[in-house]
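Chains as they are written, first to last, in this note's numbering: chain A, 1 to 109; chain B, 1 to 113. The beta carbon of each residue, even a glycine, is placed where N, CA and C say it ideally should be.
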């Protein structure tokens, strides 16, 4: 079945720096991808999505890059803030979401 | 617009009992999916309901079941609870068409003693 892996289980950055969270997926037929943020004790929160006919999409302080050739996504967070501390998941969507273990982002003040 | 709501938020049961969890989707959403989250297994898909019909199913035993009502509200039931069923159960709703993003509720924290 499909699998999702994030390259780093934890990432620690300084407040104000940019963060990059990476994600690899296995199913080349995946055509829609979603990034979620989950804070402790809460449900996952939608951040941004991207369709397979795009290679880049920007939101507020976030950019997602999609490289279908190597089946890789990245989430870039600009000027990381303490409120960005959370676990981040990428999820290919095809009727059901497939989640990896997530990357825990810690922001040092 | 109100988000996805789940009740109860916390639940403690003992082994062998059964439990029913409830999910109210965002207004207008017809798809409701359920996920189990544990520290060891992460987020795992249980099932999805769309227009009162189960449309997708994950790899969970038959003790896990669900249903959806005509107003799109959904319930999931776990019978004969085991210690390993202790988890955060998350519900997500969406319009249910391709390339629409599910939005999650806060979850129900189930503890089985």
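Query, Result
"Residues, ordered as in the chain, of the stretch 21 to 40 of chain A that lie near chain B by beta-carbon distance below 9 Å", "31, 32, 34, 36 and 38"
"Beta carbon proximity, residue 81(B) to chain A, threshold 7 Å", "no"
"Distance, residue 21(B) Cα to residue 34(B) Cα", "10 Å"
"Same chain only: Cβ atoms within 8 Å of residue 49(B), ignoring 5 sequence neighbours per side", "31, 32, 33, 55, 66, 67, 68 and 74"
"Contact belief for residue 5(A) with residue 24(A) at Cβ below 8 Å, rounded distance in angstroms", "5 Å"
"Nearest residue (CA-CA) to residue 105(B), options 39(B), 96(B), 89(B) and 82(B)", "89(B)"
"Residue 106(B) in three-state terms, based on DSSP", "coil"
"Contact belief for residue 75(A) with residue 35(A) at Cβ below 8 Å, rounded distance in angstroms", "5 Å"
"Unbroken beta strand (DSSP E) run spanning residue 92(A), endpoints", "86 to 92"
"Residue 104(A): first and last residue of the uninterrupted beta strand (DSSP E) it sits in", "103 to 108"
"Enclosing beta strand (DSSP E) for residue 56(B) [first to last residue]", "53 to 57"
"Neighbour-count burial assignment, residue 12(B), 16 or more Cβ in a 10 Å radius", "exposed"
"For residue 66(A), three-class secondary structure by DSSP", "strand"
"Residue 56(B) at chain A interface by Cβ criterion, 7 Å", "yes"
"Any chain B beta carbon closer than 7 Å to residue 43(A)", "yes"
"Straight-line gap, residue 91(A) to residue 38(A) (C-alpha atoms, nearest Å)", "13 Å"
"Inter-residue CB distance, residue 18(B) and residue 81(B) (contact presumed, cutoff 8 Å)", "7 Å"
"Residue 55(A) at chain B interface by Cβ criterion, 7 Å", "no"
"Buried or exposed by the 16-neighbour rule on C-beta atoms within 10 Å, applied to residue 102(B)", "buried"
"CB contact below 7 Å: residue 68(A) versus chain E", "The chain inventory of the structure shown lacks chain E, comprising the protein chains A and B."
"Short CB-CB distance (under 7 Å) between residue 45(B) and chain A", "yes"
"Proximal residues to residue 52(B) (C-beta, below 6 Å), its chain only, five neighbours per side dropped", "68"
"Interface residues of the stretch 72 to 99 of chain A facing chain B [CB-CB below 9 Å]", "89, 91, 93, 94, 95, 96, 97, 98 and 99"
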